Amino acid sequence: EPEVTQTPSHQVTQMGQEVILRCVPISNHLYFYWYRQILGQKVEFLVSFYNNEISEKSEIFDDQFSVERPDGSNFTLKIRSTKLEDSAMYFCASSEVGGGALNEQFFGPGTRLTVL
Amino acid sequence: AQKVTQAQTEISVVEKEDVTLDCVYETRDTTYYLFWYKQPPSGELVFLIRRNSFDEQNEISGRYSWNFQKSTSSFNFTITASQVVDSAVYFCALSAYSGAGSYQLTFGKGTKLSVIP
C-alpha cells in the first residue's frame, strides 16, 4: 500500500541552525501539506502546496519557513534559523485532490525536531 | 473560520467498558468533511474515518461507531468494549474549502483515552 514517508524520524539541531525536513508524498497525489504538533498539543496546519506553489499558509508559517518540491518526488520544509519554539513533531501529508470525495489526507509518520 | 472542539481532555475507562469521545465543530461552509484520527504513543496519525456533510448516516466498523448530527454540529465517536490497545490520543478534524484553493484540516485539541486493564 502506498504511503507517505518522512526523513529523518528525529532531528536535533542547535538554535539558529537551518534544518530541512523531507517528505516523499504518495506518487499520484497532487496536494501536499505540512502540519506541526508541539508536544502535548493539537496538530496545526502550516502550509498547503499545489501545482508547484503555495496555495495557503497559516500565520505560523512566517518568513523563517519555506517549502519546495525540488525534483518531482520530494517535498521539503526548510526552517532557516531555528528557534527553541520550533521544537515539535512535523507531519507531511498528501491528497489526491483538494476537495471532494478523494480529499483524504494521508499522513507521514512525522519528524520530531528538537532545537537545543 | 473553522473550529473543532473536543471538550474531553482525558478519559480513563476500565477495559471492556464503552466510551464515547465528543466532537463539536463550527463552519459556515455547506460542504465539509469530518475526520477522526488516532495517535498512539508512537506518535503517528492513523486515519479512522471520514464523513462528508451530506451523509448523516451513522457508521459502524467493528467496535468503532460514529454518530454524525448536523443539527447539533457534532460528530461523536464510540468505542465499544474498549481494549488496552485503544489507549491513544484521538483527534477530530474538519476539512472545508478555505477559499484559497486548499482544504486544510483543522484539528481539535484531542482526547487522551486511557484504557485500564
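Chains A and B supply the protein sequences, listed in that same order.
At position 70 of the first sequence (counting the first as 1) the number is 70 in the working numbering, and the numbers step up by one without a gap.
In the working numbering, each residue carries its 1-based index in the second sequence increased by 1000.
Each residue gets a CB set at the ideal place from its N, CA and C atoms; glycine is no exception.
Keep in mind that this is a model prediction, so the values were computed, not measured.
Beta-carbon separation (whole angstroms), residue i vs residue j, contact threshold 8 Å
i	j	result
A/M15	A/K83	6 Å
A/I54	A/V67	7 Å
B/T1009	B/V1024	So it is not a contact: roughly 14 Å between Cβ atoms.
B/F1035	B/A1093	4 Å
A/Y33	A/V97	Actually they do not touch by this definition, with Cβ atoms about 13 Å apart.
B/E1059	B/S1065	7 Å
A/E104	B/F1047	7 Å
A/P109	B/E1044	5 Å
A/V19	A/L116	In fact, because the Cβ distance is near 12 Å, the residues do not count as touching under 8 Å.
B/S1061	B/V1013	Going by Cβ atoms, the distance from B/S1061 to B/V1013 rounds to 19 Å, so no, they are not a contact pair.
B/T1106	B/Q1002	4 Å
B/F1091	B/Y1032	Wrong, their Cβ atoms sit about 16 Å apart, outside the cutoff.
B/R1063	B/I1079	6 Å
A/F49	A/F75	7 Å
A/I26	A/S94	5 Å
Bridge partner(s) assigned by DSSP for residue i
i	result
A/C92	A/W34
A/Q11	A/L113
B/L1094	B/L1034, B/T1106
B/Q1069	B/S1074
A/T76	A/R22, A/E68
A/I60	None; A/I60 has no bridge partner.
B/L1021	B/F1077
B/K1003	B/E1026
B/E1010	B/K1112
A/E53	A/Y50
A/T5	A/V24
B/N1052	B/Y1033
B/S1061	B/Y1064
B/Q1039	B/V1089
A/E44	A/R36
Close beta carbons around residue i, own chain, < 7 Å, minus the five adjacent residues each side
i	result
A/I38	A88
B/V1084	E1015, V1115, P1117
B/T1027	Q1002, L1094, A1096
A/S81	G16, E18, Q64
A/N28	E96
Interface residues of chain A facing residue i [CB-CB closer than 7 Å]
i	result
B/R1050	E104
B/Y1033	N103
B/S1071	By Cβ distance, chain A contributes nothing, its closest Cβ being about 24 Å from B/S1071, past 7 Å.
B/S1114	In chain order: nothing, as chain A lies at least about 15 Å away.
B/S1130	With chain B covering 1001 to 1117 only, the question about residue 1130 of chain B has no answer from this structure.
Neighbour list for residue i in chain A, Cβ cutoff strictly below 8 Å
i	result
B/L1045	V43, F91, F107, G110
Nonlocal neighbours in the same chain, by C-beta distance under 8 Å from residue i, ignoring five residues either side
i	result
A/R36	V43, E44, L46, I60, A88, M89, Y90, F91
B/I1011	V1019, L1021, T1111, K1112, L1113, S1114
B/S1074	D1022, C1023, V1024, Y1025, N1067, F1068
A/T5	C23, V24, G108, P109
A/N51	L30
A/S58	E44, F45, L46, V47
A/R69	F32, F49, N52, F75, T76
Per-residue contacts from residue i into chain A (C-beta, under 9 Å)
i	result
B/K1109	Q41, K42
B/F1075	Correct list: empty, because the minimum Cβ distance to chain A is about 16 Å.
B/F1091	K42, V43
Same chain only: Cβ atoms within 6 Å of residue i, ignoring 5 sequence neighbours per side
i	result
A/L137	Residue 137 of chain A lies beyond the range of chain A shown here (1 to 116); nothing can be said about it.
B/P1040	A1088
A/D62	none
B/N1052	Y1033
B/E1017	S1082
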